[in-house]
Amino acid sequence: MALAVMLLNGASFCSGCCRHKVLLSSLGPLLSNSKLYSSYRRPGAEPEKKLSWQNADFSFKKSIDHLRTQLSLLKKETQDYLKGPGGNPFSQHLLEQTRVLWQFRSQEDLNKWVISSDVEIGGKSKVYIKLGRNNQAALLYGTLNTEVPRDGETKYSGYCSMRSRPEVGSFNRKKYYDWSNFNSLYLRVRGDGRPWMVNIYTDPYFSHQKDDLYSYFMFTRGGPYWEEITIPFSKFFLSSRGRVQDNQHPVWLDKASFLALGFTIGDKVDGPFQLEIDFIGLLNDRAHKEKFAYEAYDKNTPV
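Take 1179 as the starting number for the sequence shown in our numbering and just add one per residue.
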């Protein structure tokens, strides 16, 4: 800890230098004050006179506790890896037909998801999430408003979304999903008849851009009855910043593909909406033989 303090004291905090930010990001687990990572200041509030690094609270006990927690997570991950894919024996992995990824039975399950709306760009849509009746489902509800913000730049508005938090392993490493043993997404939902977009957010580490995602439609029929929806992965199409891409290719189902799963409503119809989700899972439909539903071609074909 003395070394960390010396590094911070010796860093140059001039206006053109950002070395202190690098140090703070590397020492993130040791800092207990979350305000270090937020530059937002409410209108009318006086700016803080202290530098952000001066509010850091270095606790040796907290750092040791954090290290123990991460080592225990690493131990469990190693044991699961040696046991087989997903912590299951290899024989069970080969015969697996279905797998439940998310189910909603407690507030802890809801905390794995994040909701957002066009309020981020100045819109007026509202979205909320809570547990349904008898704590047996997640209830996503709100009001859609397509009124465009009067900022002179935004041309479209009116969307709400729900997105899963990225999985994090030991020492804050990215944790990827392995869906290569399945070919369809399987959901049990109850909607109000409005269409939704199911999105798969990919990791842009190798070949994807930051805003690339795979999407497909989910149509709810409304009414008091639950419905089970199956969406083959071959139906998902690639888009970026709301534009469907010419160069289409199938979803990668290996461990280097998925970052998050999400649902978005933006059907340009003002008014209330709601969607109940019982669980989200995977299905290996042996009757589905389609590899990819869209034409894949090379735009730079040599003449």
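All residues carry an ideal CB built from backbone N, CA and C; glycine is no exception.
- The three-state reading of DSSP puts SER1284 in coil, since its state is none of H, G, I, E or B.
- Separation of PHE1395 and GLN1270 (C-alpha to C-alpha, rounded to the nearest whole angstrom) is 32 Å.
- Your pair THR1324 and SER1342 does not check out as a contact, with CB atoms roughly 26 Å apart and the cut at 8 Å.
- Under DSSP, ASN1377 shares a beta bridge with SER1393, GLY1440.
- Rounded to whole angstroms, the separation of the alpha carbons of SER1412 and SER1358 is 13 Å.
- ALA1465 sits exposed, since fewer than 16 C-beta atoms from the chains shown fall within 10 Å of its C-beta.
- Following the DSSP letters along the chain, one finds ILE1407 inside the beta strand (DSSP E) bounded by residues 1405-1410.
- Beta-bridge partners assigned by DSSP to GLY1320: VAL1305, PHE1451.
- Bridge pairing for VAL1346: LYS1352 [DSSP].
- For the pair PHE1282 and ILE1455, the CB atoms are nearer than the 8 Å cut-off.
- Put simply, the backbone Cα of ARG1311 is about 13 Å away from that of LEU1318.
- Excluding its 5 nearest sequence neighbours in each direction, GLU1473 has C-beta neighbours in its own chain below 8 Å: GLN1426, listed in chain order.
- Classified as exposed, ARG1419 has fewer than 16 neighbouring CB atoms from the shown chains inside 10 Å of its CB.
- When the Cα atoms are used, GLY1401 and TYR1475 turn out to be separated by approximately 42 Å.
- Taking the Cβ atoms as the reference, PRO1344 lies roughly 27 Å from ALA1471, outside the contact range of under 8 Å.
- Ranking THR1321, GLY1459, ASP1463 by CA distance to the CA of VAL1278 puts GLY1459 first.
- Annotated three-state conformation of ASP1296 is helix, per DSSP.
- Between LEU1461 and PHE1360, the beta carbon gap of about 6 Å places them in contact (Cβ cut-off 8 Å).
- A direct Cα-to-Cα measurement between THR1398 and ARG1366 gives close to 11 Å.
- At a cut-off of 4 residues, the continuous stretches assigned as alpha helix (DSSP H) that sit fully inside the stretch 1241-1290 are 1268-1273, 1285-1288.
- Put simply, of LYS1302, PHE1238, ARG1328 the residue whose alpha carbon is nearest the alpha carbon of CYS1338 is LYS1302.
- In the structure shown, ARG1368 falls within a strand segment according to DSSP collapsed to helix, strand and coil.
- Taking the Cα positions, LYS1253 is about 11 Å away from LEU1260.
- According to the DSSP secondary-structure assignment, ARG1341 is paired through a beta bridge with VAL1292, GLY1440.
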